[in-house]
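In our numbering, the protein residues as written are 204 to 516.
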């Protein structure tokens with residue numbers, strides 16, 4: 204997530220310079236020093252130290268914050284926190300320490316809007332996976348090499364309002380899925396053949412495979428945490444092949460030629476895929492999602508395409 208934060212700061216024109224001599228406290232990562240940031244207005248003065256706190260299951264404790272206050276130099280500080288800070292943190296700020304805090308809600312809205320607008324752009328490498336899909340899988344949720352990611356259909360703020368979750372904390376993630384590039388031949392009852400290409404989306408979260416209409420509707424994947432499904436959810440190469448006819452076989456209007464050379468239409472007929480000879484190649488793609496943190500309940504994953512929620516595994 205730190206990479207995404209740095210990219211957004213750069214996109215906003217916030218230039219970060221190295222900060223020698225400043226010690227980072229546990230949990231507080233110093234991104235650098237900026238001459239000016241919009242959150243402190245247009246006034247000049249001392250530079251601003253920009254800090255980032257990665258997501259964690261627990262909020263920042265008062266002891267953690269006190270340690271940071273002791274280590275932080277006097278001056279101006281902008282804290283970008285994916286963790287909730289203690290409500291009473293302002294009570295221990297000494298004179299000369301001026302801070303602006305962006306909490307988890309501010310961060311999730313900021314990052315979510317950047318994803319929707321395409322402001323976050325990362326050139327992603329294309330990676331082929333083996334038939335078990337495990338070669339590039341990271342159970343700790345580290346970044347994967349992505350061919351791209353699909354624009355979300357779900358609007359997070361509207362969804363939260365509809366569900367009565369306005370106070371919930373959210374942060375954006377990507378769900379690891381597979382795009383299968385398929386090259387094969389479909390054959391008519393009369394033996395006519397036609398070579399075709401398709402892209403098939405395997406969504407192990409929703410347990411579905413479907414025709415993907417191409418990368419015209421995708422955008423560069425932002426540098427976000429990537430969540431993997433349980434390994435048992437992947438279907439594997441042979442199972443995908445066996446399922447292809449169910450979505451790629453198609454019915455077409457048949458035609459016949461009369462003795463006088465005229466062509467007339469006949470009944471619909473099936474053109475069927477020769478699945479055994481089809482060539483299929485997989486590559487990663489990210490489906491947008493959000494982790495929804497509800498007080499007193501288990502965290503959920505909100506799928507950015509179908510609007511359904513899934514448990515975090």
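Where a beta carbon is used, it is the ideal one built from N, C-alpha and C, also for glycine.
Being a predicted model, the structure only gives us computed values, none of them experimental.
Is the Cβ-Cβ distance between residue i and residue j less than 8 Å?
i	j	result
residue 401	residue 451	yes
residue 265	residue 289	yes
residue 403	residue 385	yes
residue 222	residue 235	yes
residue 228	residue 271	yes
residue 282	residue 251	no
residue 407	residue 516	no
residue 471	residue 454	yes
residue 405	residue 443	yes
residue 508	residue 412	no
Report the rounded CA-to-CA distance for residue i versus residue j, giving the unit in angstroms.
i	j	result
residue 430	residue 392	44 Å
residue 492	residue 394	45 Å
residue 257	residue 263	11 Å
residue 296	residue 225	18 Å
residue 416	residue 441	23 Å
residue 269	residue 359	34 Å
residue 512	residue 489	16 Å
residue 447	residue 481	9 Å
residue 286	residue 261	7 Å
residue 284	residue 409	31 Å
residue 218	residue 372	28 Å
residue 495	residue 388	44 Å
residue 215	residue 208	11 Å
residue 302	residue 279	6 Å
Under 7 Å from any heavy atom of the ligand FMN, does the C-beta of residue i make it?
i	result
residue 392	The ligand FMN is absent from the structure shown, which contains no ligand whatsoever.
Quick test of your reading: residue i and residue j, contact by CB under 8 Å. State the CB separation rounded to the nearest angstrom.
i	j	result
residue 501	residue 514	7 Å
Completely contained alpha helix (DSSP H) runs for the region 347-419, where each covers 4 or more residues: 359-366
In chain order, each alpha helix (DSSP H) run of at least 4 residues that lies wholly inside the region 241-299: 265-274
Contact the region 364-380 vs the region 470-481: 3+ CB pairs below 8 Å: no
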